[in-house]
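The structure appears below as structure tokens.
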Amino acid sequence: MATGFVLDPTTSTADDISSPGPDAGDLNGKVIGIRVDQIWRAWDWISEIWAERFRSAGAEVKFWRSCGRSGEEGERMAEQLEEFLASIDIAVVGLANCGSCTGWTVHDALAAAAKGLPTIAVATANFEQFAKTLAQHGGRSGLRVHVLPYPLNERGREEVDSVGREHFAKMLATMGAKLRNQAAAA
Amino acid sequence: MNIVTIAPSHAKHKGPPKQLVSRECGPDGCEIDWLASTRHDSDLDVVGFTQFAMKQGWGDGLPLVPPTEARVRTVLAANRRYPDEVVAHLPPSRAACTVEKIVINAVMAGAPPESLPLLIAAVEAVADPDFELFGVNATTAPVAPALFVNGPIRDRLNIPYKHGCFGGAASAAPAIGRALRLIMRNVAGQVVGITSQSTFGSPSRLAGIVVGEWEERSPWTPLAERRGVSGNAVTAFGGMGTMNVLDTTSQKPSEFLEMIGKSIAYPGTNCFSPSMPYGEVLVAINPIWAELFAEEMPDVEDLQEALWRQASVDADWLERRHRGQLEAQGRVRPDGRIYMTPEPKDIILMVCGGTGGLHATAIHSFGSSLTQTRAIV
């Protein structure tokens, strides 16, 4: 059987940043930006709960909703994302709960991390590894990923709210945050 | 030694033409090694190489042609292209897709050397940010780029546009489509279950969809020309798979269009997804119906509008939660209907298929992936 050399059809990816980036630190007085989408109502519900607790901890909360990412709407989204990231101190980016939405969640989280913002991406358990793989492909394997249970969006409001409350402290740990007034945010 | 002199293919290459050493130079005679890819020692018969490639994660399960230096150089020389030219950066890997990588994957797929310009144009098209390849390659949906070809190159490349053009006609189309799929796998890094979350996948994720337009039987301007590119051109469409529409009953264009419109506007298409505020659908019209339609609608835009009006659903027909989400996005129009696409122009029409008529074929878009057309040069 003849043997010989063949050429590798694959490409290598860019250099990697394995650091998780800066901790969020004390939230008091910070502006926390929560990126939401237009598909996962469960993420809207959890974001509302977390936002209320951030406010109780002395932080200001801003929301930005990601919509279409192509065409004229895509251009608007890119501009809005830039403005959003320039106006916040900490980024909470979700929700990685499907293929393309995990892609764009990680994309936007990487954009935030690239600006030096303390950043976490939020994924459901089924898409956790995918989010981490995409972060690695994006050159930042150290991206912080907080994991929510899966399936999530199929659950009712009460159950989702409970998940949001249960995960707040764990999410704070993932982002390296400290609360000056733990009781206020509890 | 046979030295092939190649002219710069793009303006970014300044200075005198470089020399590309052809396959005849032999391992000891090459003056310049243009090929940057890692060399692997492998069996060079198809069975042995396919086994090797599958272990490396390069394969799709079908037999692969070993991409030897000689084969790769032959394709480059035949097309007078530089291997180191970066055509695009493809997500999710974001790695550089060079002409060399396109050729290596094309050789593996069995694509003919003369298909390289089409493949390069296709890569350029899908790399356009508006094609949203980031979502297309990552999604849980079964989407894959479908390629529609216009111009004389259809015949030169043996791209089918008559009977069985979407699959089954013996042609170069499956190998060309497969080459693009291997590029997605090996360059873009789209790997099932790892970077691609596609729940079910699709047959078109193996050999793609590569179809020509039967321009000679179309009463309208060719698809690519309507999109601003005349002559040889490729239109890349983020397609979710084909659906057939049979109509053995209608007589008038309005009756056919009602049947097509009602058939393609099914609630589960991405065009009605709340995550996709816009979408497109490509409808292939057979030449018999095209002739009939053109008698009443010589302007294709009139046909698009007539079909668009039919491709809608009564908002009240949808389940409560679905209606509510779309209503919140402002998609329920004053007439109480939800239209499949924002505008008639988003119904993309082309003419192809056999002369037996009776059927239309539709491909629904992923949504945020907007169709792109590029010249084949």
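Chains as they are written, first to last, in my numbering: chain A, 440 to 625; chain B, 15 to 391. A virtual CB, placed ideally from N, CA and C, is assigned to each residue, including glycine.
Looking at the C-beta of residue i, does it have a partner C-beta in chain B at a distance below 8 Å?
i, result
"residue 599 of chain A", "no"
"residue 448 of chain A", "yes"
"residue 549 of chain A", "no"
"residue 582 of chain A", "no"
"residue 585 of chain A", "no"
"residue 497 of chain A", "no"
"residue 618 of chain A", "no"
"residue 478 of chain A", "yes"
"residue 445 of chain A", "yes"
Roughly how far, in whole angstroms, is the beta-carbon of residue i from the beta-carbon of residue j, given that I think they are within contact range, below 8 Å?
i, j, result
"residue 158 of chain B", "residue 219 of chain B", "5 Å"
"residue 570 of chain A", "residue 545 of chain A", "5 Å"
"residue 506 of chain A", "residue 512 of chain A", "6 Å"
"residue 1 of chain B", "residue 346 of chain B", "No answer is possible for residue 1 of chain B: it lies beyond the span of chain B, which begins at 15 and ends at 391."
"residue 186 of chain B", "residue 125 of chain B", "7 Å"
"residue 418 of chain A", "residue 55 of chain B", "The structure shown has nothing for residue 418 of chain A, since chain A only spans 440 to 625."
"residue 536 of chain A", "residue 479 of chain A", "5 Å"
"residue 460 of chain A", "residue 581 of chain A", "7 Å"
For residue i, list the residues DSSP reports as bridge partners.
i, result
"residue 302 of chain B", "According to DSSP, which records beta bridges pairwise, residue 302 of chain B is partnered with nothing at all."
"residue 247 of chain B", "B:164 and B:389"
"residue 377 of chain B", "B:256 and B:296"
"residue 225 of chain B", "B:162"
"residue 369 of chain B", "Beta-bridge pairing links residue 369 of chain B to no other residue."
"residue 111 of chain B", "B:102"
"residue 443 of chain A", "B:56"
"residue 240 of chain B", "Per DSSP, none; premise fails for residue 240 of chain B."
"residue 617 of chain A", "A:465"
"residue 585 of chain A", "A:561"
"residue 470 of chain A", "A:499"
"residue 82 of chain B", "A:445"
Following the continuous alpha helix (DSSP H) through residue i, name the residue where it begins and the one where it ends.
i, result
"residue 61 of chain B", "60-70"
"residue 543 of chain A", "538-553"
"residue 484 of chain A", "480-495"
"residue 576 of chain A", "567-576"
"residue 516 of chain A", "510-525"
"residue 563 of chain A", "Per DSSP, residue 563 of chain A belongs to no alpha helix (DSSP H); it is in the beta strand (DSSP E), 558-563."
"residue 149 of chain B", "147-152"
"residue 341 of chain B", "334-342"
Nearest CA to the CA of residue i: which residue from the options?
i, options, result
"residue 386 of chain B", "B:67, B:70, B:53 and B:135", "B:135"
"residue 83 of chain B", "B:114, B:104, B:60 and B:99", "B:114"
"residue 163 of chain B", "B:155, B:180 and B:328", "B:180"
"residue 147 of chain B", "B:166, B:231 and B:194", "B:194"
"residue 455 of chain A", "A:615, A:585 and A:579", "A:579"
Is the Cβ of residue i closer than 8 Å to any Cβ of chain A?
i, result
"residue 110 of chain B", "yes"
"residue 48 of chain B", "no"
"residue 305 of chain B", "no"
"residue 211 of chain B", "yes"
"residue 382 of chain B", "yes"
"residue 54 of chain B", "yes"
"residue 12 of chain B", "For chain B, the structure presents residues 15 to 391; residue 12 of chain B sits outside this window and is missing."
"residue 98 of chain B", "no"
"residue 144 of chain B", "yes"
"residue 122 of chain B", "yes"
"residue 348 of chain B", "no"
"residue 115 of chain B", "yes"
At what residues does the beta strand (DSSP E) containing residue i begin and finish?
i, result
"residue 503 of chain A", "499-504"
"residue 533 of chain A", "529-535"
"residue 326 of chain B", "326-328"
"residue 351 of chain B", "351-353"
Please tell me whether residue i has its Cβ less than 8 Å away from any Cβ of chain D.
i, result
"residue 314 of chain B", "In the displayed structure, chain D is absent; the protein chains listed are A and B."
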